[in-house]
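Taking it in order: structure first as structure tokens, then the write-up.
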Amino acid sequence: MVKEEWRGLGEIPFTDKLRALTVPLERWHRDNFGDMDKKILMFEEVIQKIDDMVSNGSYDGTVEARRKALVACCEKWYVRKELHWKQMSRSRHAKGMDKNTRYFHNLAFAKQKNNRIDTLIINGRLIRNQVRIKLATREFYKDLYHQERSPEMGFRDGLVERISEEDSSTLEMLPSPEEVKEAVWDCESSKAPGCDGYNMNFIKKC
Numbered sequence: 001m002v003k004e005e006w007r008g009l010g011e012i013p014f015t016d017k018l019r020a021l022t023v024p025l026e027r028w029h030r031d032n033f034g035d036m037d038k039k040i041l042m043f044e045e046v047i048q049k050i051d052d053m054v055s056n057g058s059y060d061g062t063v064e065a066r067r068k069a070l071v072a073c074c075e076k077w078y079v080r081k082e083l084h085w086k087q088m089s090r091s092r093h094a095k096g097m098d099k100n101t102r103y104f105h106n107l108a109f110a111k112q113k114n115n116r117i118d119t120l121i122i123n124g125r126l127i128r129n130q131v132r133i134k135l136a137t138r139e140f141y142k143d144l145y146h147q148e149r150s151p152e153m154g155f156r157d158g159l160v161e162r163i164s165e166e167d168s169s170t171l172e173m174l175p176s177p178e179e180v181k182e183a184v185w186d187c188e189s190s191k192a193p194g195c196d197g198y199n200m201n202f203i204k205k206c
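In UniProt numbering, the protein residues as written are 1 to 206.
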């Protein structure tokens, strides 16, 4: 479907093609993955009816084969639903990662409880007082990252050299298609999608 839609869009810019693909992709998703819960519920109800028949003594090879087929179809929809929500979670994380949701606060609070320092050895003594532990920790890192005053130096004091015209031209050159492809293929395919909704796995298959 993607290949056919891609060819039909003609020679328009790549980003415009991705934007135009959202409509047929939404339609394809609705036709193939819409009402997943209803389909799973339907399979589960039929399987339950067969199990009731078996418990009542109505059982033969045909019933067993039908039950196996229904269970296999139901398992496929379970996998589809899991993949669907995995992708949805990544997409929502990319769009709303800066939102201070209740889930984020609960998660941070749980981690804070696990990361709590109850005791600390200071100058050979075991300390449990939280105020003293905080003060000792702050002083430790204050001394650790203390920077002595250094003489001020300018750009013309031998720190920066002027690059050659050849190096300057190389830096301003546009990347080749091979370099772009290499950079894309080095990215992890299952990473969260960008603002356009496409992850790297989709881009690679285009």
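Here a beta-carbon is modelled for each residue, glycine too, at the ideal position from N, C-alpha and C.
query: Nearest to W28 by CA position, among E5, G10, V46, is which residue?
result: Looking up residue 28 in the sequence shown gives position 28. Selected option, being the one with the closest Cα: E5.
message: Going by the DSSP bridge assignment, what does L120 pair with across the sheet?
response: Locating residue 120 in the sequence shown gives position 120, where the first residue counts as 1. Looking at the DSSP assignment, L120 forms a beta bridge with I127.
Integer Cβ distance of I47 from C74, believed to fall under 8 Å: Looking up residue 47 in the sequence shown gives position 47. Looking up residue 74 in the sequence shown gives position 74. Contact flag correct, Cβ pair sits at about 7 Å.
Assigned exposure category for N129 - 16 Cβ within 10 Å defines buried: Working through the sequence shown from its first residue, we reach residue 129 at position 129. N129 should be labelled exposed.
query: Of the residues M173, Y78, L21, E44, which one's Cα is nearest the Cα of R66?
result: Position 66 of the sequence shown, counting from 1, holds the residue named residue 66. Among M173, Y78, L21, E44, the Cα nearest to that of R66 is on E44.
field: Three-state secondary structure (DSSP) of D167
entry: Numbered from 1 along the sequence shown, position 167 holds the residue referred to as residue 167. In this structure, D167 counts as helix in the three-state DSSP scheme.
message: Would you call the stretch 167–175 in contact with the stretch 185–199, where contact means no fewer than 3 C-beta pairs closer than 8 Å?
response: no
message: Less than 7 Å between C-beta atoms, sequence neighbours within five positions excluded: which residues of the same chain meet that for A20?
response: Sequence index remark: in the sequence shown, residue 20 carries index 20 (1-based). L9.
query: Cα-Cα, which of E148, F33, G57, V63 is closest to L83?
result: Mapped onto the sequence shown, residue 83 falls at position 83. Answer by Cα proximity: F33.
field: Rounded C-alpha distance that separates D196 from E11
entry: Residue numbering aside, residue 196 sits at position 196 when the sequence shown is read from its first letter. Residue numbering aside, residue 11 sits at position 11 when the sequence shown is read from its first letter. When rounded, the distance between both Cα atoms is 20 Å.
- prompt: Quick one: Cα of K81 to Cα of E178, how far?
  reply: For the purposes of this step, residue 81 is taken as the residue at position 81 of the sequence shown. For the purposes of this step, residue 178 is taken as the residue at position 178 of the sequence shown. C-alpha separation (whole angstroms): 37 Å.
CA-to-CA distance, R138 to I163, given in whole angstroms: By one-based count along the sequence shown, residue 163 stands at place 163. By one-based count along the sequence shown, residue 138 stands at place 138. One C-alpha to the other measures close to 44 Å.
query: Hey, how far is the Cα of R14 from the Cα of V180?
result: On the sequence shown, residue 14 is found 14 positions in, with the first residue counted as 1. On the sequence shown, residue 180 is found 180 positions in, with the first residue counted as 1. Residue identity check: residue 14 is Phe in the sequence provided, not Arg. Cα-Cα distance, rounded: 13 Å.
- request: Report all residues from its chain with a CB closer than 7 Å to the CB of L18; omit the five preceding and five following residues, and keep chain order.
  value: Indexing the sequence shown from 1 puts residue 18 at position 18. Taken in chain order, the residues that qualify are D196, Y198.
- request: Kindly list the residues whose CB is nearer than 8 Å to the CB of W77, restricted to its own chain and excluding five residues on each side of it in sequence; keep chain order.
  value: Position 77 of the sequence shown, counted from the first residue, corresponds to residue 77. Excluding sequence neighbours, W77 sits near M36, K39, I40, F43.
field: C-alpha distance - A94 paired with M1, whole-angstrom precision
entry: Position 94 of the sequence shown holds residue 94. Position 1 of the sequence shown holds residue 1. With a pLDDT of 49 at A94, under the threshold of 50, the modelled position of this residue cannot be trusted; read the value that follows with caution. So the alpha carbons of these two residues sit roughly 26 Å apart.
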